[in-house]
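Undergrad:
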Amino acid sequence: MPASTPRPHVMALLFDTDFNRPSGTHTFRHLDGRPFTDEEQALADDATLEELQATGVHVHNPEAGAEAEAASLVLAELLLKYAVQHHKALAALMTDEDLIDYDRLVTTVAAGADGFRPREG
Numbered sequence: 000m001p002a003s004t005p006r007p008h009v010m011a012l013l014f015d016t017d018f019n020r021p022s023g024t025h026t027f028r029h030l031d032g033r034p035f036t037d038e039e040q041a042l043a044d045d046a047t048l049e050e051l052q053a054t055g056v057h058v059h060n061p062e063a064g065a066e067a068e069a070a071s072l073v074l075a076e077l078l079l080k081y082a083v084q085h086h087k088a089l090a091a092l093m094t095d096e097d098l099i100d101y102d103r104l105v106t107t108v109a110a111g112a113d114g115f116r117p118r119e120g
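Under numbering that gives the first Met the number 0, the sequence shown has 53 at position 54, and the numbering climbs by one with no breaks.
Pasting the structure below:
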């Protein structure tokens, strides 16, 4: 499907939109604080993804956020597994302050996560 051409009247409205809505409302406001009319709100609600992106609006995608959060937890667990097991190699690369924090955090994590306990020897 070809990209739609941004509509000038929608673009003008979006460029004059304060996208930080007051809590408890679904109505946008103009940059000068005036609330949108019903017609303006309907026009903003009908804006295409291309029009929103063209005005620099970051469109929230809850699925992407949840996927990124899950990936960050898996990544942290993966890195932690190696970090705890290879303490000596990491210690040589760390500042004294980081090493103190590392040792404190490893002790805390290892106490609650059997799978991350450092190997002896």
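In this text, a Cβ means the ideal position worked out from N, Cα and C, and glycines have one as well.
On a predicted model such as this, the values are computed, not experimentally measured, just so you know.
(1) Give the range of the alpha helix (DSSP H) segment to which Val-9 is assigned.
(2) Phe-27 and Asp-17 look like a contact to me (Cβ under 8 Å); what is the Cβ gap, rounded to whole Å?
(3) Out of curiosity, what's the CA-to-CA distance linking Pro-34 and Glu-68?
(4) Does the segment 70 to 87 touch the segment 99 to 108, meaning 3 or more C-beta pairs lie closer than 8 Å?
(5) Asp-77 to Asp-95, Cα distance in whole Å?
(6) Would the beta-carbon of Phe-14 fall within 7 Å of that of Thr-54?
(7) What would DSSP say about Gly-120, mapped onto helix, strand or coil?
(8) Identify every residue that forms a DSSP beta bridge with Asp-17.
(9) Can you tell which of Ala-90, Ala-65, Lys-80 and Leu-51 has its C-alpha closest to the C-alpha of Pro-5?
(10) Measuring alpha carbon to alpha carbon, tell me which residue in Pro-7, Ala-110, Tyr-101 and Leu-12 is nearest Ala-41.
(11) Just to confirm before moving on: does the CB-CB distance between Ala-90 and Leu-79 stay below 7 Å?
(12) Under 7 Å Cβ to Cβ from Val-9, same chain only, skipping five residues before and after it: list those, please.
TA: According to the structure data:
(1) 7 to 14
(2) 7 Å
(3) 34 Å
(4) yes
(5) For the sequence presented, residue 77 should be read as Leu rather than Asp. Looking at the two C-alpha atoms, the distance is approximately 24 Å.
(6) yes
(7) Reliability of the predicted coordinates at Gly-120 is poor, the pLDDT of 48 falling under 50, and no value is obtained from them.
(8) Arg-28
(9) Leu-51
(10) Leu-12
(11) no
(12) Leu-42, Ala-46 and Glu-50
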